[in-house]
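Visitor:
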Amino acid sequence: MHLPATRVWLALIVGCGDGGTAPAGPPTSLPSRLGDLEIITTGSGPGADPDGYDLIVNGVVQGTMDPEDTLRIVSVPTADYLIGLSGVAPHCKVGGGNPRGIRVEPGVSTRVIFVTKCDPPEAPTS
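For the sequence shown, the residue numbers in the working numbering are 8 to 133.
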């Protein structure tokens, strides 16, 4: 099994004690490799999407979002992600690209805003 270097060092530090008493003082902590992610959906136009959207992260459905919604996810691992919306009504368009590539950085809140513009839905033809 291959462990990332930070875990190997942590295992060596923890596993190499002399069996004595730990030194006094505040505990030290490793820098966080986690960030936060905030996904916002907002829309304009007279015909809002009636059933909202599926939120897709790296090709996997993660849940649903309303046309006016905010989802905040804390403690997201630092990495590149592909985030998008599916299930967008035919009379609506997502501006700014869908999906979008983003990078979550450690200790930072990364915000992705999806703005949809919806025309009035077409009346069914008979």
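Positions of the beta carbon are idealized from the N, C-alpha and C atoms, including for glycine.
Since we're looking at a predicted model, the values are computed, not measured.
Does the Cβ of Pro127 have 16 or more other Cβ atoms within 10 Å, making it buried, or fewer, making it exposed?
Guide: For the purposes of this step, residue 127 is taken as the residue at position 120 of the sequence shown. By the C-beta density criterion, Pro127 is exposed, having fewer than 16 other C-beta atoms within 10 angstroms.
Visitor: If the criterion is Cβ atoms closer than 9 Å, does the pair Thr71 and Tyr60 meet it?
Guide: Here residue 71 corresponds to residue number 64 of the sequence shown, with the count starting at 1. Here residue 60 corresponds to residue number 53 of the sequence shown, with the count starting at 1. In this structure, Tyr60 lies closer than 9 Å to Thr71 by Cβ.
Visitor: Quick one: is Val111 buried, meaning 16 or more other Cβ sit within 10 Å of its Cβ, or exposed?
Guide: Within the sequence shown, residue 111 is the residue found at index 104, counting from 1. Around the Cβ of Val111, a 10 Å sphere holds 16 or more other Cβ atoms; the residue is buried.
Visitor: Please classify Asp1: is it buried, with 16 or more other beta-carbons within 10 angstroms of its beta-carbon, or exposed?
Guide: Beyond the ends of the chain as shown, which are 8 and 133, falls residue 1; an answer cannot be given.
Visitor: Express the C-alpha separation of Arg118 and Ile109 in angstroms, rounding to a whole number.
Guide: Residue numbering aside, residue 109 sits at position 102 when the sequence shown is read from its first letter. Residue numbering aside, residue 118 sits at position 111 when the sequence shown is read from its first letter. Roughly 9 Å between the two C-alpha positions.
Visitor: With DSSP collapsed to three states, give me the class of Pro84.
Guide: Counted from its first residue, the sequence shown places residue 84 at position 77. Reduced to three states, the DSSP call for Pro84 is strand.
Visitor: Return the CA-CA distance between Ser116 and Glu129, expressed in angstroms with no decimal places.
Guide: Translated into positions along the sequence shown, residue 116 becomes position 109. Translated into positions along the sequence shown, residue 129 becomes position 122. Each residue's alpha carbon lies about 39 Å from the other.
Visitor: Report back the beta-carbon spacing between Arg107 and Ile90 to the nearest angstrom; my notes put them in contact at under 8 Å.
Guide: Translated into the one-based positions of the sequence shown, residue 107 becomes position 100. Translated into the one-based positions of the sequence shown, residue 90 becomes position 83. Their Cβ separation, rounded to whole angstroms, is 6 Å, which keeps Arg107 and Ile90 in contact under 8 Å.
Visitor: Where Pro53 and Gly103 are concerned, what is the direct C-alpha to C-alpha distance, given to the nearest angstrom?
Guide: Residue mapping note: residue 53 aligns to position 46 of the sequence shown, counting from 1. Residue mapping note: residue 103 aligns to position 96 of the sequence shown, counting from 1. Going from the Cα of Pro53 to the Cα of Gly103 covers about 20 Å.
Visitor: Taking the beta carbon of Pro97 as the centre, do at least 16 other beta carbons fall within 10 Å, making it buried, or is it exposed?
Guide: By one-based count along the sequence shown, residue 97 stands at place 90. Looking at its Cβ environment, which holds fewer than 16 other Cβ atoms inside 10 Å, Pro97 is exposed.
Visitor: Please say whether Gly50 and Gly114 have beta carbons closer to each other than 9 Å?
Guide: Here residue 114 refers to the residue found at position 107 when the sequence shown is read from its first residue. Here residue 50 refers to the residue found at position 43 when the sequence shown is read from its first residue. It is not a contact, given that the beta carbons lie outside the stated cut-off.
Visitor: From Gly94 to Ile46, what distance separates their C-alpha atoms?
Guide: For this step, residue 94 is matched to residue 87 along the sequence shown. For this step, residue 46 is matched to residue 39 along the sequence shown. C-alpha separation (whole angstroms): 16 Å.
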